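What follows is a single structure, written as structure tokens, with notes after it.
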Amino acid sequence: VCFLRTVSSVDPETQKPLYVHGVVSALIDVEAGTYHTATVLDPQAPAMLRDQLARTTFRDHTIVAAYQEILAKGLLPLPDRLSENAQGGECDPRKLRFVMEGNRLERQSVVIYSITVRHPSGRGCVLEFSPKKPPVRHGEGGVLVGDEGGQVYSYFIPRGSVTGNVTLKPGATSIDVEASDDSAGLY
Numbered sequence: 123v124c125f126l127r128t129v130s131s132v133d134p135e136t137q138k139p140l141y142v143h144g145v146v147s148a149l150i151d152v153e154a155g156t157y158h159t160a161t162v163l164d165p166q167a168p169a170m171l172r173d174q175l176a177r178t179t180f181r182d183h184t185i186v187a188a189y190q191e192i193l194a195k196g197l198l199p200l201p202d203r204l205s206e207n208a209q210g211g212e213c214d215p216r217k218l219r220f221v222m223e224g225n226r227l228e229r230q231s232v233v234i235y236s237i238t239v240r241h242p243s244g245r246g247c248v249l250e251f252s253p254k255k256p257p258v259r260h261g262e263g264g265v266l267v268g269d270e271g272g273q274v275y276s277y278f279i280p281r282g283s284v285t286g287n288v289t290l291k292p293g294a295t296s297i298d299v300e301a302s303d304d305s306a307g308l309y
């Protein structure tokens, strides 16, 4: 799961940044051989993406024109979807808390992080991560700078444990998850 928050514009009166939020997630059912994705973005996303496309220099103008046509209608290319909540996502970086349409990332305490993923299909998961080693921050102090100057905060938990449950089939019983202190690779 990836929780996104990006500056879409600057408020002309307050000069404070305005944000667009999004959640991109995927669940894999190894036994069934299926891969289930879900993407939800703020209702303001089409306008922001349209502005970004207008500033780019793609070689294939037919792709840009197709995207512009979809975005001009206030829509997103499928399978992405817009949030049903007019305000979209909520984010408090000081508390490391992000909430959007039932999806949630939250620092519960210094040693516990919780993630909730809810797909419209009924699939999802509720997990708690407990780092056993401190997070490693990528970039400069956890900040990566993109090609157009946008910032991404990224860190990696090299060792930890995870508990919770995963629902792979809508209406089915959730699968309990528990991984030992040797779990690695939690971004």
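Under the working numbering, read the sequence shown as residues 123 to 309, first letter to last. Don't be surprised by glycine CBs; every beta carbon is placed ideally from N, CA and C. This one's a predicted model, so the numbers in the text were calculated from it and none came from an experiment.
When DSSP states are grouped into helix, strand and coil, VAL186 belongs to the helix group. Nearest to VAL299 by C-alpha distance, out of ASP173, LYS254, GLU250, PRO292, is GLU250. Looking only at PRO165, THR159, GLY263, the smallest Cα-Cα distance to LEU204 is reached by PRO165. The residues ASN287, VAL288, THR289, LEU290, in chain order, have a CB closer than 8 angstroms to that of ILE297 in the same chain once the five nearest residues on each side in sequence are set aside. In the displayed model, ASP202 falls within coil according to three-state DSSP, outside both helix and strand. Of the candidates PRO280, THR161, GLY246, SER243, THR161 places its Cα closest to the Cα of GLY144. In the structure shown, PRO257 falls within a coil segment according to DSSP collapsed to helix, strand and coil.
Residue nearest to GLN230 within the set LYS217, VAL152, HIS241, PRO134 is LYS217 (criterion: CA-CA distance).
Around the C-beta of LEU163, 16 or more other C-beta atoms lie within 10 Å, and the residue is accordingly described as buried.
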